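Each remark here refers to the structure printed beneath this line.
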Amino acid sequence: MSYSYPLLSYIVFMPLLGLLVILFLNKEKHSTIRWVSVFFSFVTMILTLILLKDYNWTTHEMQFVEMHQWIPALNAQYFMGVDGISVPMLLLTSLLSLIAIVISFNITKRVKEYFVFFLLLECGMLGVFVSLDFLLFYFFWEVMLVPMYFLIGVWGGARREYAAIKFFLYTLFGSIFMLVAILVLYFASEPHTLNMLEMTKLGPSFSHGIQVFTFAFFFIAFAIKVPVWPFHTWLPDAHVEAPTAISIILAAVLLKMGTYGMLRISWPMLPEGIRYFSVPIVILGVIAIIYGALVSMAQKDLKKLVAYSSVSHMGYCMVALGAYTSVKALAGCMFQMISHGLITGAMFLLVGVLYDRAHTREIAAFGGIGKKLPVYTALMVMFSMASLGLPGMSGFISEFMIFIGAFPSYPILVGISILGVVLTAAYILRMVQRVFLGEFDTAKWGGLTEINAREVLAVAPLGLLTLFIGIYPKPLNELMRATLENIVMLMAR
Amino acid sequence: MLNNTFIIPLLPLFAFIVIVFFTRWKEKLSAGISISMTAIGWVLSIITMIQVVTHQGEHAVRIEQAFDIINFTGFRLELGTLLDPLTAVMLIVVTTVALMVQIYSLGYMHGDPRFSRYYAYLSLFTFSMLGLVVANNFFEIFIFWELVGLTSYLLIGFWFEKKSASDAGKKAFITTKVGDLGFLLGLLIMGMTLGTFNYGEVFGLVEAGAISGGLLTLMAIGIFCGAVGKSAQFPLHVWLPDAMEGPTPVSALIHAATMVAAGVFLVARCMTIFIASPEAAMTVAWIGLITAFMAASIALVQNDIKRVLAYSTLSQLGYMIMALGLAGFTAGTFHLMTHAFFKALLFLGAGSVIHAVHTNNIQEMGGLSSKMKTTAMTFIIASLSISGIFPLSGFWSKDEIIASAHNHPFFMVIALLVAFMTAFYMFRLCFLTFFGAPRDQEKYDHAHESPKSMTMPLVFLAVLSVCAGWVGIPWLKHGFSSVVYHGHPHHVEANILLMIISSLVAVSGIALAYLMYYKKSISAEAMGRRFQPIYKLLYNKYYIDEIYDAVIIQPIYWTARSLWRFDAGIIDGLVNLHATVTIWLSKVKYWIDVYIVDGIVNGLGLVTGAASSVLRLIQSGRLAHYLLVILFGLIVIGFLASSNLLNWAFLEVGIH
Amino acid sequence: MELMHYLTLSAILFSIGFFGILTRRNAIAILMSLELMFNAVNINLVAFNRFINPGEYVGQIFAIFVVVVAAAEATVGLAIIILIYRNWRSIDADRVNLLKW
Amino acid sequence: MIEQIVFYLFAFVIVASALAVVTMRNIFHCALFLILCLFTVAGIYVLLSAEFLAVVQVLLYVGAVAILMIFAIMLTSKLAGREIQMSNEQTFIGTFLSLIMVFGLVVSFSRTIFRLSDEVPPSESTLAIGRLLMTDYVLPFEMISVLLLAALIGAIVLARREGN
């Protein structure tokens, strides 16, 4: 099914156009550069909304397909298309990018370079979610890394260089596994193809050994991105050192690429592999949930706490992915990806807002902030509640779907992972209490100012979406339904 | 009204949204909106109740409406409303108490800097509680279940500057969350085995035997765990006494009348499941009994007026749970209703007292009846009611509960003992607070009757505390039991003997309190000294908080800290070790490079350098020289080409 | 008229231009010589066009391109010369020997 | 016959003025002779029935490039007859090599056999050239315009005085 004009290319390359425009701007004109970035990411978002409008919800077939020869010698194609799992991710990416750009207005160091890198990053992220060719996918996957490295390494906190190199090398390490896996599949397929859809058709015909081997390699690559315990240690460093906007993007979009990759590539393509590895994957997920929650509890730095909570929350996704036979679990996984993107994105944003004003993130340094900053506190408490899975917020729907989907397959493991809910409540409430409640130190924090309109505006869409999905998840459910049901069918081959 | 039940919960939600976004700067307006919305809800609830009662038909009213929110092949989640007699009763209870508490709060919270926020929270709570009541499936009830927990957290920690308040909020939230885990597990089992959460479908399947044996028991106990957490039953009761840190009207609404009764409501809703699983029902009864007894015994010795009431609440909830466990559906729900009224009254009365003397300690009060006539009168009425004195409402409902244990002598004996203790500690409270000589003259002098906005709800609730029970008088033809029943309506037989016994027990409890605290003919101190170990045990609430802290909380913190060290040290250490090894390896390679590989290369470089220092003389840097050489070269090539010494194909182009 | 005449003319003009480049010291003069060489090339192109495939205009079009490129080259070249003049107070090409190692 | 005379006349003027350009000592005179030379080359184009090109030659070379040169001269040399050393020490070898080049070129031309066409050139060439530029050669045409733009900006950037 194709479309009258190459909408996907427009979406993916619109940030690149913005990048070109910014390159021609005077580097001293900070506000022009900012507004141009806002404009182009806004246009990108509008285009994704157009995509949503014209998307056919009833089918799992790829839509808006664009296919051109790219490197004929390799049979690599410029092949893009979207289905029910990439459309939500595109929307999430374009929205979060816009918000991150708006929240980056307080960057004053080398503004031009910052936004150039940021738009390149956005292009890479969008590209990953629409690519249907392995080479193209890999290309976008790597394109993203470079700006990320600079964004953390130049604009980050005190240990930014360490964090940036760690992130870069760790992810690159994973990418190499992915490349090997892609090559194995490429040479195993006859005729050689890099087309993901073709490969999905061919997948089950590969021998057990190949499937298990490539599955494991893909899994390492994606698991580092997610990150799955025990590959997670780059995450706290990168999140903590990165500037606010980049933390948002890291948490909201980059982590989702791991799970997206699993849902798009390894799961439906290599059914033998998932069957072979499903139990270990669930175990890793359960460990991540409990372990992430406990480690969060011990954190003294607000941002690090949120970072470890990400580890814990992504653990739910792994539990869901392990229960591959259940469409409920996979839907829960998608819900969790989106809701974690919204909630943790907002949490990082709000922590950044506080850090801008207080210049510290140490939990013990605060207390009673709720008295001085009621609006900020209300927002933070709301997202904290969303993060601990309060019903009426998106996090609850996703956790519930995951539990209900995975429980029949792994009653004991899911039973253990439910404990994570209480632990999450415990560390979140501890944080809320120690930062916002209690006696207010007027001498120390009397000068704090309330969250401003721009920041409220940036966080408002996240809050509204969190509530909307939490109260009425049906639209999102319908959007993904056909695709997820198809994926479950593919895995049953 | 029967088809539009959903409006009732939405009214307070509307109030919440309006207050938060529009009127939070205007305190009076915010309160007005909140109260008027609840009042409308109250009127609508009464209309609903009348329609339910006058409904003609073979079966009781049962109206269900729902819409999907998640829909996969073979799996649906929905939101909806279910209206049946139980719902109608709960609607009345919740809206009545909420309305009274909101009016009362006008006076009690007067001058608080977060007045509007208080009303917003109350509205949100009312919404959640009404939503919980009208839910038509387990998924939805779970949603509202957690939402009431949230509002409870917010309201307990309303004065969050106080560390004890925010601690109490956190404790309440997490403790109930532990119970909710069980609830969630029960739901998961339900989802796995039955594939639906709708009440009607679930109960139908359970009755048809679609699930049985261990799984059924596990599911029932799981659901009951939710009730244990929310209704603060043993062993998750520890949060409720601490929750008294919240404003007193909140304690009245949430922690006495409505939210804590949600557990009872849930068990009542799931009666079918518990009937199908006798083991689970027995567990329920035992938990209820233990809680009732334990809480009543603790209440005997507490000195904080609100804590005494809190333990009393625990004990009464234990009563209801026990009745439900013994299949006394009507008894449990009936007591739920009457208890809501008189316990709300007790709390509001206590609030009025605290408002007057600014202390919670009953040892610092005394003789207040002369200064606060209305409060004292209503408080004593409520005390009589809870003690079970004829013909107040507590008498009828408590009697039914004790009657429901008629097949289990042990339960009945303990229940009577609890009734005795209840009467004793309630009147200990009354005598210490309102009678005798003032023990703190200064506080006594400042005491005064509360404003009208506070006393009016007291009077109203006092009337209800007297009369609400009359709907359940066994001799009535169309009483409570003919409307709210499980399975088939059964007429409660009046058991005159039991009535007399329980009345005697109550009166003797009051008499003992009278002797000890009014007449002082039996010295309370002497009793305390004589039973020193028991006294200490009770005074320290059986040391359960301390045990939890040592056995659960500290180990969790310890695990968290050690895991964090493990994470930073070992896991991240491995990553960094890998980096270090790589760097070390590369240093080795660097050495090899510099001294061996590069040695050769440098040798070559040296030779090249020497040669070029000679050749560089050619470089004059002048364009003209270079061009000359170029031209020379060009000409030489041209000649070579033309003389066929070089046979380059490209020079042949055009030649034929 | 024969093609050969034109070719000879262009060869002579080209050589004169080259001679100028080789011998002149004034940078502007070098540029002028360069223009002469361009013209030689253009004559060549137009002549081939006229005598080999008169109907196709390829030669003329490329001559136009050459003219334009020459103009561009002259502009930039002169700008550079002015810059050099500003820095050295001279446009003697032989003194500008930055190419020397 | 007339054509031949005109050609030789033109050829003579071209060669003579070109020699003047590369030998005269006064740079300003050189520029004037360059203009003359370019003008005559335009005449040659007319002889080759490339009228459009002739016009371009006059407009672009004579009108623009030559004027540019004169400006540059006025900006750089202190004009007013002050003579700087025009030639360097390569005059002799330069002459020699140039002559060899002329010789070599003419010899190689004469030894080449061209596939001459007897077609008479169409009289209306301007229209055809215009059409070709907008169709077959549109891409080079656009690139050329970008090049011109670049040259323009480059010239401005280079010649602009820093600081004002």
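Residue numbers (this note's numbering), protein chains in the order written: chain S, -13 to 479; chain X, 4 to 659; chain U, 62 to 162; chain B, 2 to 165. All residues carry an ideal CB built from backbone N, CA and C; glycine is no exception. Just so it is clear, the structure is predicted and the values come from calculations on it, not from any experiment.
8 Å Cβ cutoff, residue i in contact with chain X
i, result
"B/I101", "yes"
"S/H371", "Sequence inspection shows Met at residue 371 of chain S; the His mentioned does not correspond to that position. Chain X, which has a Cβ nearer than 8 Å to the Cβ of S/M371, makes this yes."
"S/G70", "no"
"B/I94", "yes"
"B/L117", "no"
Rounded distance between the beta-carbons of residue j and residue i, thought under 8 Å
i, j, result
"U/M98", "U/F79", "6 Å"
"S/G189", "S/L256", "6 Å"
"X/I417", "X/L292", "6 Å"
"U/Y67", "U/I125", "In fact, because the Cβ distance is near 18 Å, the residues do not count as touching under 8 Å."
"S/I404", "S/F321", "Their Cβ separation, rounded to whole angstroms, is 17 Å, which puts S/I404 and S/F321 out of contact at 8 Å."
"S/M323", "S/T245", "6 Å"
"X/E452", "X/T362", "Contact flag wrong, Cβ pair sits at about 17 Å."
Check whether residue i and residue j have beta carbons under 8 Å apart
i, j, result
"S/A238", "S/T330", "yes"
"X/T251", "X/I357", "yes"
"X/Y447", "X/V241", "no"
"B/V42", "B/I15", "yes"
"S/L240", "S/H225", "no"
"X/F237", "X/T294", "yes"
"X/I301", "X/L515", "no"
"X/L127", "X/T154", "yes"
"X/C273", "X/I224", "no"
"X/A259", "X/K346", "yes"
"S/L180", "S/T200", "no"
Rounded separation between residue i and residue j - CA only
i, j, result
"X/W148", "S/R467", "28 Å"
"S/G432", "S/L155", "43 Å"
"X/S355", "X/L158", "19 Å"
"S/A332", "U/A140", "55 Å"
"S/G67", "S/R250", "12 Å"
"U/A135", "B/V66", "7 Å"
"S/T435", "S/L336", "13 Å"
"B/I45", "U/A131", "19 Å"
"B/A151", "S/H326", "50 Å"
"X/G439", "X/G531", "20 Å"
"S/Y396", "X/K544", "40 Å"
"S/N420", "S/G354", "In the sequence as presented, Asn is not what sits at residue 420 of chain S; that position holds Arg. Approximately 8 Å, taken between the alpha carbons."
Closer than 8 Å to chain U by CB, residue i
i, result
"B/N89", "yes"
"X/A613", "no"
"B/L80", "Confidence is the limiting factor: at B/L80 the pLDDT is only 44, short of 50, which leaves the residue's position unreliable, though a coordinate-based value still follows. Cβ-Cβ to chain U under 8 Å: no for B/L80."
"X/L654", "Low confidence applies here, because X/L654 scores a pLDDT of 46, under 50, leaving its location unreliable and the question unanswered by this model."
"X/L634", "yes"
Residue-level contact to chain S via CB, residue i, 8 Å cutoff
i, result
"X/H240", "no"
"X/G83", "no"
"X/I177", "yes"
Near the ligand ADP: residue i beta-carbon under 7 Å from a heavy atom
i, result
"S/A238", "The ligand ADP is not among the ligands present in this structure, which contains no ligands whatsoever."
>> Restricting to runs no shorter than 4 residues, where is the alpha helix (DSSP H) found entirely within the stretch 41 to 98 of chain S?
In response: Counting only runs of 4 or more, we get 72 to 89.
> Fully enclosed by the stretch 289 to 353 of chain S, which alpha helix (DSSP H) runs are 4 residues long or longer?
Replying inline: Qualifying alpha helix (DSSP H) stretches, in chain order: 313 to 344.
> Could you give the uninterrupted runs of the alpha helix (DSSP H) lying entirely in the stretch 99 to 182 of chain S, keeping only those of 4 residues or more?
Replying inline: Uninterrupted alpha helix (DSSP H) stretches at least 4 residues long and entirely within the stretch 99 to 182 of chain S occur at 120 to 141, 146 to 174, given in chain order.
> Can you give, in chain order, each stretch of the beta strand (DSSP E) that sits fully within the stretch 440 to 467 of chain S and has at least 3 residues?
Replying inline: You should have found no qualifying run.
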